[in-house]
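Have a look at the structure below before the remarks.
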Amino acid sequence: MAIEQVSAPKQTSFRYRVLWRQTPQSFRIGLIVLLVHLIVAITGPFWAPYGFSQMGTGIPLSGMSWTHPFGIDQLGRDVFSRVVHGSHIVILLSLSGTAIGLLAGAVLGLLSGYLGGWFDNLLQRLLEALISIPFLVLALIAIASAGPELSGNPILVVLVVALVYAPRIARIARAAAMDIATRDFVTVARLRGESAWSVMRRELLPNATGVLLVEFALRAGYAPVLVGSLGFLGFGLRPPTPEWGLMISENRALIIITPITVLGPGLALASLVVGLNLFTEGLARILGRTVRLGNQ
Amino acid sequence: MTGAQQLLEVRNLSVGYRQGGGWSRAVDDVSFSLRPGEVFGLVGESGCGKSTVALQLLGFRHVSMRLEHGDVRFKSQALTSMSRRELDELRGDRIAFVPQNPTTALNPGIRIGRQLTETMLAHGRVKNAEDAGAIVGILKLVGLPVDPGFQRRYPHQLSGGQQQRVCIAMALACDPDLLVLDEPTTGLDVTTQEQIISLLSELRVRIGVAMLYVTHDLALLSQIADRIGVMYAGRMVEIAPTDEIFLRPRHPYTQGLIASIPVIEDLSMSRARPLRGLLRRRELPPGCPFAPRCDHALEQCVAERQELETIDDARAVACWRWREIAPVPAEPAPPAGVGTLAARAAVLSVDHVSVIYGPKSRGFRAVSDASFEIKEGEVFALVGESGSGKSTLARAISGLTAPATGAIMLRGEKLADTVRHRSDQQRRLIQYIFQNPDASLNPRARIGEAIARPLVHFFKMEGAAARAKIADALGDVRLDGSYQERFPDQLSGGERQRVAIARALAAKPALLLCDEILSALDVSVQANILTLLRQLKSEHGIAMLFISHDLAVVRMLADHVCVLYGGEVMEIGPREQVFAPPFHPYTHSLLHAVPVPLQRPDKPSKAPKATEPRRGEAGCVYAGRCPWQVGSICETERPPWREGEGGLGLRCHLTLDQLNARAAWPPTTREGIAV
Amino acid sequence: MPILRLVAGRILLSVLTLLIVSLIVFAVLEVLPGDVASRILGRDATPEALELLRIKLGLNDPAPVRYLHWLGGLLSGDFGQSLVSSRPVTDILAPRIYNTVLLSLYAFLLYLPLTVIPALIQAIRRDRPVDHGLSIVTLVLLSMPDFLLATILLFTFVVLVPILPAISLVDHSSSALDYLRAMTLPALTLAIVMAVYAVRMLRDNLIEVLDSDYVRMAELKGLSAKRVLLRHALPNALVPTLNVTALNLAYLVGGVVVVEKVFSYPGFGSLLVDSLQLRDLPVIETTVMIAALVYVGANLIADIAAVLLNPRLRTA
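Residue numbers (this note's numbering), protein chains in the order written: chain A, 473 to 768; chain B, 1057 to 1731; chain C, -7 to 308.
Structure follows, in structure tokens:
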């Protein structure tokens, strides 16, 4: 019996337009919050009422007012302007640190997961050990090890964030690689005699990007907290840098008098993380994955 | 339906389920009824809504489902409007459910004895949980061991067949009026399936319980159902007594469905034409959902909704043209192959190959001492149940698993054990097609790219030449060029499998390894691909190693058949010799277990001996389970290899004459299938 | 027995991990910085003072020797002397560990109901307003850095509603009630941070279990909703919860650092921060190793418990 030719199903109008309509609420809200933060970070220094170390802007320790929405700290600086000026710092440090961590972790993890063998075993042990040191502790001793000359250097903070995240991302990448490597289409490529490099590039990587993207968003969501914690403890950037964690620590002593000087930067930090977390959750939902928000 | 009081009435049932942002209809205006003690079969392919209907018979509710209208009445009470407490009283007691997957339906952390008494406790049949005596009766009824040690086991310590018997026992514990079975034998081997079906038939006679049996296997229903309802895309399209469905199907879909069933006997009969096209959920017309694929469709069919029209006392059809249409006869099958096979050279020869996992002396013997030859252009079938070693053999041939002993030769050259050490030419000549169409295509690559890969790798083709070849390859599997731009997630299972075949063909291989490639597909899709394979065989002259557990499919495609059990070859030979006496006892039990439409099993098969294959031990690997076992010799001495006429070979202590005398297959004559 | 072999294997792996941790810690703190002595004494130290310190600390020996010496000390319980106070490290550590352990226990006690109750509510009333509401609350709390949360709590319960002390300074002379009052805010902070993460996970696990085949089967057998939840769903949702709890313990060891600082609670975490600022090397090394030990130990217990609770592995 002759089988007739089958034609392909009708192509929906535009694959991506349909996808946007299906995005969950959380994703859109998160995206909007992030955009706001981004705009403030980029344009902030141009329209902030005062400079970040400008003193004498008003009566020190005065509270919320129309001209000083976040009050004035004990050195007479306008906290709102400082928050705005510091906005790009947090975002830059978080994103670049996470990005470097993702790059290092993903490459190591994917290779290790696909190749297996002694390389994988060795790396596994190393990663396990690095993850066994609580990340804040690891960050602190890394900073201590870098010495007094480098303290306060933003690049150090970026590298430390990368150092803390890389092992955790490597673990996820490794698991993803191992999972993908068992799928039949990878076996088909191997049966053809394709080189390991070719298989990794064409089969593994495109299918791992979903997982890695979600991982990036997840870690980037927590990075501001990490950076803020370091600043809060005094191991991050040096004053008078308007880093939000540092500001919270500096103004903490005055909380009884002017709580808004603490709540202001706190609100900024929390809203950034909320935006990132919503974005991550929504992104995960779109890509069909589940994600665990929080510090792991 | 008129007559005595109905046990169950389903009226205009419509159920929606949540998909993406909105709601789709899984079940659309379905109506039927059931009398006490009657067995009603509900059949349809994947996505037709039959499982949803089954769950509604138990009043199941979930956040992702909603009842859109209609109701289900059990003994005149409406299930659909009952409270949870009222339902709790009915469920397990008057209406019981037998699930599709017994492994996941049993709580892995609770002993099975407890899970049985739990039901009885909940419905007041026993006083306390320790009343082991109460469940002894139930265990006996379903043929399970009654010792307390068995009751203390956890689900994972039981075989698949035993787990399903436990589920059936749980369902029968309170002597229900109605059993709802959702594909209860789908995950089981065909011999286990045979036992479960005969158990159900027996139970039905003994205790008179009514059943709603949901399945995609129409042939199976002929063994047990009184009436059958056929569903398509959420709608009920035909209801009729079992024999009528097979002899005089009225709805075009039913006709096509019956024609799609691979028939294990009597190929000479002309048959109706199988279904064409595919079910495209997003492109359904407002009228009859089957119209796009129907040979008799007219304008009115596409526009007007078809309702179930009662023809007479027991039949209903949802097609306004039922009086006029007759099944379109099938075109004659293409010739089996050119030239006699015996004269051809061997493309693959497997010589005393064993695959052992673990140390050679005491590891797991997945394959033991297998030897056979595949000639150029022939279809060689490897048949066996789960654990028989057929997939392992395929992996050894392709180089994914290294054999422990023996040699595999491709056109006279010995193949290296692992794929890495083979030459590019050798890798090209053997192409592997996998069972699961969802996993064998890279979800991030377009179809065109997937097919281009072998062209680039083996032939260094690029640009326009490659594109032309891709179009050719797609044409070979009867898909048109527009598929090139699509991604796998836009295709159905059958389409993806065709793409996998096209990709394999693009390499111009000498041998295709087809590892259960039809098992994950609906029966109508299977029929199409089966025909495609036969066509490819006669057009391209490619040899195939066809692995399957489905003997009916093998009968329609293979030239040579090899039967495996426990990693060893039980019987091997040309198709007609294997499907005719003398039979190896295992081959015979396999054939006996295949459900054939309109053929009731002539006698119930004996109670099962759930034993594992005796790998690596003295004697025959099938001893302990063999229904024709001679005696202790089967467990101490390795059976000799016996050669029969026409190239048949089998391994058994019984002689060929003795086996000839035992053979009783095909068992009885029965009426012909619809023409 | 195969189980013993499994358990023994896990324990060995954990020991190996700790060994590698010790290597990393040593490398980061003593090898990488180059001249440790000048790190400790600062840039203005005289060459004689530096040399004196080097001899005192044995810094002139080659690195592997120093490492083995240190490791030997760790294993035999000799943690060295604090560079700042010259007291044995053990004396400094002991009361701090005691305080942190108390704090952690208190935090755990608060964390349990804060996790289980909301998760149960969310799973049972899935997709209803309660579920959405609780999800938003947990998301917001989750996004707050622990030091911010601590500060806000401090403000609320010390300034707005002054029922708790601002500073949680306690010592051996404090009464039990003093301890309790001092620990409440830090414990509450830790509990909330841990709970918020665990609630989400427990909710997802519960829903996954509630959607599973065997729970559906239990319902279809006619078992009451209560019985299905308590007998079939909850027990199987507990195992992944163990995993979460282990992770939370891991968080605890790190989170304690910040929280103790905020409230000036004299625990293990604030010791670490102080010794880092003072560059008290022996104390730093020992506290980091203990932190890693706790993490590894918690994971090991969670792994073993998961094996014991899984009948498939138990009876294999």
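C-beta: ideal position from N, C-alpha, C; glycine also.
Based on Cα-Cα distance, which residue from the options lies nearest to residue i?
{"i": "B/G1243", "options": "B/A1524, B/I1453 and B/E1441", "result": "B/E1441"}
{"i": "B/A1082", "options": "B/E1065, B/M1121 and B/P1383", "result": "B/M1121"}
{"i": "C/L172", "options": "C/S96, C/I128 and C/V201", "result": "C/S96"}
{"i": "B/F1436", "options": "B/G1169, B/A1599, B/I1526 and B/V1411", "result": "B/A1599"}
{"i": "C/V122", "options": "C/L131, C/L133 and C/P110", "result": "C/P110"}
{"i": "A/G528", "options": "A/V551, A/W519, A/I511 and A/V508", "result": "A/V551"}
Starting from residue i and walking both ways along the beta strand (DSSP E), at which residues does that stretch end?
{"i": "C/E22", "result": "Segment: none, C/E22 is in no beta strand (DSSP E) and carries neither H nor E."}
{"i": "B/T1461", "result": "T1461 to L1466"}
{"i": "B/F1602", "result": "A1599 to S1604"}
{"i": "B/C1618", "result": "H1616 to Y1621"}
Given 7 Å as the limit, tell me if residue i has its C-beta closer than that to any heavy atom belonging to the ligand ZN.
{"i": "C/A217", "result": "In the structure on display, the ligand ZN does not appear, and there are no ligands present to speak of."}
Compare the C-beta of residue i against all C-beta atoms of chain B and say whether one is closer than 8 Å.
{"i": "A/P639", "result": "no"}
{"i": "C/P303", "result": "yes"}
{"i": "A/D592", "result": "no"}
{"i": "A/N625", "result": "no"}
{"i": "A/R757", "result": "no"}
{"i": "A/E687", "result": "no"}
{"i": "A/D656", "result": "yes"}
{"i": "C/D70", "result": "no"}
Flag residue i as yes if its beta-carbon sits less than 8 Å from any beta-carbon of chain A, otherwise no.
{"i": "C/M175", "result": "no"}
{"i": "B/D1713", "result": "no"}
{"i": "C/Y59", "result": "no"}
{"i": "B/G1290", "result": "no"}
{"i": "B/R1472", "result": "Looking at the sequence shown, residue 1472 of chain B is not Arg but Ala. By this cut-off, B/A1472 is not an interface position."}
{"i": "B/G1126", "result": "no"}
{"i": "C/G246", "result": "yes"}
{"i": "B/G1333", "result": "yes"}
{"i": "B/A1495", "result": "yes"}
With 8 Å set as the bound, which would you pick, yes or no: does the beta-carbon of residue i sit closer than that to a beta-carbon of chain C?
{"i": "A/G502", "result": "no"}
{"i": "B/M1325", "result": "Confidence is the limiting factor: at B/M1325 the pLDDT is only 43, short of 50, which leaves the residue's position unreliable and the question unanswerable from this model."}
{"i": "B/H1616", "result": "no"}
{"i": "B/A1082", "result": "no"}
{"i": "A/S617", "result": "yes"}
{"i": "A/F552", "result": "no"}
Could you give the residue range of the alpha helix (DSSP H) that holds residue i?
{"i": "B/T1247", "result": "V1246 to I1263"}
{"i": "A/Q657", "result": "Looking at the sequence shown, residue 657 of chain A is not Gln but Phe. Note, A/F657: alpha helix (DSSP H), D656 to L663."}
{"i": "B/R1509", "result": "I1503 to F1515"}
{"i": "C/Y257", "result": "Premise fails: C/Y257 is in no alpha helix (DSSP H) and is neither H nor E."}
{"i": "C/D83", "result": "V81 to I116"}
Legend entry - Residue ranges of each beta strand (DSSP E) within the stretch 1119 to 1204 of chain B, 3 or longer: 1121 to 1130 and 1151 to 1154
Legend entry - Interfacial residues, the stretch 207 to 228 of chain C to chain B, with Cβ spacing under 9 Å: V207, R208, M209, A210, E211, L212, K213, G214, L215, S216, A217, R219, R223, H224, P227 and N228
Legend entry - Residues within the stretch 707 to 738 of chain A neighbouring chain C, beta-carbon criterion of under 7 Å: I720, R724, I727, I728, P731, V734 and G738
Inset, instruction - Taking only beta carbons into account, state which residues of the stretch 660 to 673 of chain A come closer than 8 Å to chain B, listed in chain order. - result: V660, A661, R662, L663, R664, G665 and E666
Legend entry - Against chain A: residues of the stretch 1295 to 1313 of chain B by CB proximity under 7 Å: none
Legend entry - Residue ranges of each alpha helix (DSSP H) within the stretch 702 to 743 of chain A, 4 or longer: 716 to 724
Inset, instruction - Please list the segments of the alpha helix (DSSP H) lying wholly inside the stretch 138 to 206 of chain C, counting only runs of 4 or more residues, in order along the chain. - result: 138 to 146 and 168 to 202
Inset, instruction - Could you please tell me which residues of the stretch 119 to 138 of chain C, in chain order, have their CB closer than 7 Å to any CB of chain A? - result: L131, V132, L134, S135, M136 and P137
Legend entry - chain B contacts from the stretch 186 to 199 of chain C (Cβ-Cβ distance under 9 Å): none
Legend entry - Entirely enclosed beta strand (DSSP E) segments - the stretch 1665 to 1699 of chain B, minimum 3 residues: 1697 to 1699
Legend entry - Unbroken stretches of the alpha helix (DSSP H), 4 residues or longer, contained in the stretch 1317 to 1392 of chain B: 1355 to 1359
Inset, instruction - Go through the stretch 1443 to 1497 of chain B residue by residue and report every complete run of the beta strand (DSSP E) that reaches 3 residues or more, in order. - result: 1461 to 1466 and 1486 to 1489
Inset, instruction - Please list the residues of the stretch 1513 to 1527 of chain B that have a C-beta atom closer than 9 Å to any C-beta atom in chain A, keeping them in chain order. - result: H1513 and F1514
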